[in-house]
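Undergrad:
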């Protein structure tokens, strides 16, 4: 589904990703872990198509299409979802309205008609029920005045509405207390199936107690220095990143 | 950061002015220049009663002693008032019985503008008094309104048919010497609209006037007078567009509203006049308008809603004089400036009666090199016990070359009053747009959503049909430059 080949990338002319290769197939969950400054967030930004980040070498294909040639809008339509570490607040734009716009953008690009607002409301209610989310998420403005945990839950709600083939969750666990972490993780687990894939980008292994990865990759100084299964994350937890990262 | 900001600004670039065309209709136009003879000639041409001529002459005498105001936060080369023609009428018949009689060229212009002066509009239950240049050429729904005793006609016609009504109210809200442009308008206005709602009458439809400036270098001096008698209500819609010209055009309209006991007037405007060349700022309309309403009666209400998206320079302060006890005034405004546009707009709420209330919601959006100023005055007199005002003035900046200014003036002479003022400034950020895009929503739709979210409190005040039009206008200003 996703093929990253020898990716080099950075921002403002400095190279942060220094040759990453990764292959993600449908049904798989990959966790990318690493200390601060290892390039985790840059990788997320590159995959989401953020205009400030630049690829200097390498290839990324998604369903055999060149992902790097697509802008953010096209990536979303193609089925890539980015769960942001810091979702932006948009005062004045109703959350449910925003979700309907996103849903309709997908339908229109597939040559379908826009959804009837009442039908969408039903769909939204159903998704919110599945995720155990309160009604307020419909009524409030997009992330406006949301707590950190509410913003992350709202990201998962967007994921539920968009039903992406590939979801990349960037530090979804940061800033969450244990209850919020559980709710968000349960939501993600409910959205999983054999046809979609998930990349979890995280600093801590605690998220992986709730969402069990098939593969764990350790990123350091812009490179994947070790890959393994779930046990690698546990080992990191007990020994710290120093155990594995090269010492200067 | 500045690069990011610029790219957002680029998105808001105005496209070529959609309504930039002139209609080839032979016009009956006076030679340029203004003196007492011109004032007399206008009055004679329109066969006006004696009081009207005297009104004009008094205004002209005042105007001669006055100077253009220098305090607004706008800059433009000085206007040569002797280089303007003060009368222009499409050279066509007198009274028209039906639309079929209107010059086909004029009708085509209206069609291009999308002015729905047709059966559809009738079915939509909106009467349209279309002012082409300064003389009305068509009035619809007049009969239906007349059945309820509602008068809706060109003011020139009202001067013939209801001179005593016009004489009683004209100049009572905006006196002839009120300000430089109002004095000029009072001396030389050629036409406009007149509305009278008799007591105990709810207007069965929204009354709508569309007008546009046609002949090049013809000053446009509209005069509107709306009177709403006891226990009555009317919603009045005004929308304007103008063709593209190289020479700046002066527009100095005066609108006066009067409400009696328990009466209410809701006055809504969507303004999209030519703003001048996008790059150089050349051309465009100078929109110097005096709009004021007087809540003369108890429990009466006047509500102004405006969506200002055009004109090179806007100088406009729709105001309310809250004279009757328990009367209330409202001002809802969206002003969008881009290119080299300059806007200095706001309101005045003058509280005279007891328990008077006013609220002001102003939303300014400035892009490119434009300058957008809110200027508002809340004045509470010594007898206005328990008066209340709430003001909220929000600005949205796009790019780093535009500017937003807020000039609130608050004066209270009574200690029992309550005045609140809130202000906020925000930006459309690249991060917000990216967030929408990463959910598959186009940049264009993202901008539209953010802008209409910002303007929501004002749009919801507009009559449904107008709200759609306003939304379209803002989007038109912003789209085409997207992507």
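Residue numbers (this note's numbering), protein chains in the order written: chain A, -14 to 233; chain B, 3 to 485.
The C-beta atom is built at its ideal place from N, Cα and C for all residues, glycine as well.
#1: Between which two residues does the alpha helix (DSSP H) holding residue 391/B run?
#2: Is there contact here, the segment 128 to 135 of chain A with the segment 98 to 117 of chain A, by at least three beta-carbon pairs under 8 Å?
#3: Is residue 16/A helix, strand or coil by DSSP?
#4: Under 7 Å between beta-carbons, which chain B residues line up against residue 35/A? List them in chain order, please.
#5: Mind the definition here: the segment 87 to 97 of chain A touches the segment 40 to 57 of chain A only if three or more C-beta pairs lie below 8 Å; say whether that holds.
#6: I need the DSSP call for residue 351/B, collapsed to helix, strand or coil.
#7: At a Cβ threshold of 8 Å, is residue 225/B touching chain A?
#8: What does a CB cutoff of less than 6 Å around residue 27/A pick up in its chain, not counting 5 residues either side in sequence?
#9: Using the beta-carbon count (16 or more within 10 Å), is residue 163/A buried or exposed?
#10: Assuming residue 237/B contacts residue 200/B under a Cβ cut-off of 8 Å, what Cβ separation, rounded to an integer in Å, is found between them?
#11: For residue 60/B, which residues of its own chain have a beta-carbon under 7 Å away from its beta-carbon, when the five flanking residues on both sides are left out?
#12: Quick check: what's the CA-CA separation for residue 236/A versus residue 58/A?
#13: Is any beta-carbon of chain B found at less than 8 Å from that of residue 70/A?
#14: What residues in the segment 452 to 464 of chain B have a beta carbon less than 7 Å from any beta carbon of chain A?
#15: So that I know if they touch, is there some Cβ in chain A lying closer than 8 Å to that of residue 443/B?
#16: Determine which residues share a DSSP beta bridge with residue -13/A and list them.
#17: From 292/B, 276/B, 280/B and 295/B, pick the residue whose C-alpha is nearest to that of residue 286/B; which is it?
#18: Less than 8 Å between CB atoms is the rule here; does residue -12/A satisfy it with respect to chain B?
#19: Quick one: complete beta strand (DSSP E) runs, 3+ long, within the segment 141 to 204 of chain A?
#20: So which residues on chain A does residue 50/B lean against when the C-beta distance must stay under 9 Å?
#21: At a Cβ threshold of 8 Å, is residue 149/B touching chain A?
#22: Using the three-state DSSP reduction, which class does residue 228/A fall into: helix, strand or coil?
#23: Pull up the CB-CB distance for residue 390/B and residue 419/B, whole angstroms please, since I reckon it's below 8 Å.
#24: Which of the residues in the segment 143 to 154 of chain A, read from start to end, lie with their CB under 8 Å from any CB of chain B?
#25: Between residue 347/B and residue 195/B, what straight-line distance do the alpha-carbon atoms span, to the nearest angstrom?
#26: Starting from residue 93/A, trace the alpha helix (DSSP H) in both directions and tell me its first and last residue.
#27: What does a CB cutoff of less than 8 Å around residue 168/B pick up in its chain, not counting 5 residues either side in sequence?
#28: Looking at the structure shown, is residue 306/B part of a helix, part of a strand, or coil, going by DSSP?
#29: Taking residue 35/B as the reference, give the member of 82/B, 240/B and 146/B with the closest Cα.
#30: Put residue 122/B into one of helix, strand or coil per three-state DSSP.
#31: Return the CA-CA distance between residue 190/B and residue 336/B, expressed in angstroms with no decimal places.
#32: When you compare the CB of residue 274/B with every CB in chain A, is at least one pair closer than 8 Å?
#33: Between the C-alpha atoms of residue 5/A and residue 123/A, what's the straight-line distance to the nearest angstrom?
#34: For the beta strand (DSSP E) that residue 410/B lies in, which residues bound it at each end?
#35: Within 10 angstroms of the Cβ of residue 225/A, are there 16 or more other Cβ atoms? Answer buried if so, exposed if not.
#36: Is the Cβ of residue 125/B closer than 8 Å to any Cβ of chain A?
TA: Short version:
#1: For residue 391/B, no alpha helix (DSSP H) encloses it; the enclosing beta strand (DSSP E) starts and ends at 390 to 399.
#2: A contact is defined here as three or more CB-CB pairs under 8 Å, and the segment 128 to 135 of chain A fails this definition with respect to the segment 98 to 117 of chain A.
#3: Reduced to three states, the DSSP call for residue 16/A is strand.
#4: For the C-beta of residue 35/A, the chain B residues within less than 7 Å are, from N- to C-terminus, 436.
#5: Taking a cut-off of 8 Å on C-beta distances, the segment 87 to 97 of chain A does not touch the segment 40 to 57 of chain A, as fewer than three cross pairs fall below it.
#6: Of the three classes helix, strand and coil, the one that applies to residue 351/B here is strand, per DSSP.
#7: For residue 225/B, the closest Cβ of chain A is not nearer than 8 Å.
#8: Around residue 27/A: 1 and 2.
#9: Per the 10 Å Cβ criterion, exposed.
#10: The pair is not a contact, with the Cβ atoms about 16 Å apart (cut-off 8 Å).
#11: Once the five neighbours on either side are set aside, the close Cβ partners of residue 60/B are 178.
#12: Nothing can be reported for residue 236/A: it is not among the residues displayed for chain A, which extend from -14 to 233.
#13: Cβ-Cβ to chain B under 8 Å: no for residue 70/A.
#14: Residues passing the 7 Å Cβ filter: 452, 455, 456 and 458.
#15: At least one chain A Cβ lies under 8 Å of residue 443/B.
#16: In the DSSP assignment, the residues bridged to residue -13/A are 9/A and 47/A.
#17: The residue with the shortest Cα to Cα distance from residue 286/B is 276/B.
#18: Cβ-Cβ to chain B under 8 Å: no for residue -12/A.
#19: For the segment 141 to 204 of chain A, the full-length beta strand (DSSP E) segments reaching 3 residues or more read 151 to 155 and 182 to 187 along the chain.
#20: Proximity of chain A to residue 50/B at the Cβ level (cut-off 9 Å) is not reached, the minimal Cβ distance being about 49 Å.
#21: False, the Cβ-Cβ gap to chain A never drops below 8 Å.
#22: In this structure, residue 228/A counts as helix in the three-state DSSP scheme.
#23: Going by Cβ atoms, the distance from residue 390/B to residue 419/B rounds to 7 Å, so yes, they are a contact pair.
#24: Residues 143 and 147.
#25: Distance between residue 347/B and residue 195/B, taken at the CA atoms: about 23 Å.
#26: In the DSSP assignment, residue 93/A falls within the unbroken alpha helix (DSSP H) covering 80 to 94.
#27: These residues qualify, in order along the chain: 54, 157, 160, 161, 196 and 227.
#28: Correct three-state label for residue 306/B: strand.
#29: Ranking the options by Cα distance to residue 35/B, first place goes to 82/B.
#30: In this predicted model, residue 122/B has a pLDDT of only 35, less than 50, meaning its place in the structure is not dependable; the value taken from the coordinates is given anyway. Note: residue 122/B maps to helix in three-state DSSP.
#31: Going by the C-alpha atoms only, they are around 30 Å apart.
#32: Output row for residue 274/B: interface = no.
#33: Rounded to whole angstroms, residue 5/A and residue 123/A show a C-alpha spacing of 39 Å.
#34: It spans 405 to 414 - the beta strand (DSSP E) in which residue 410/B sits, taken as one unbroken run.
#35: It counts as exposed.
#36: Residue placement at residue 125/B is flagged as unreliable, the pLDDT there being 32, under the threshold of 50; a coordinate-derived value is accordingly withheld.
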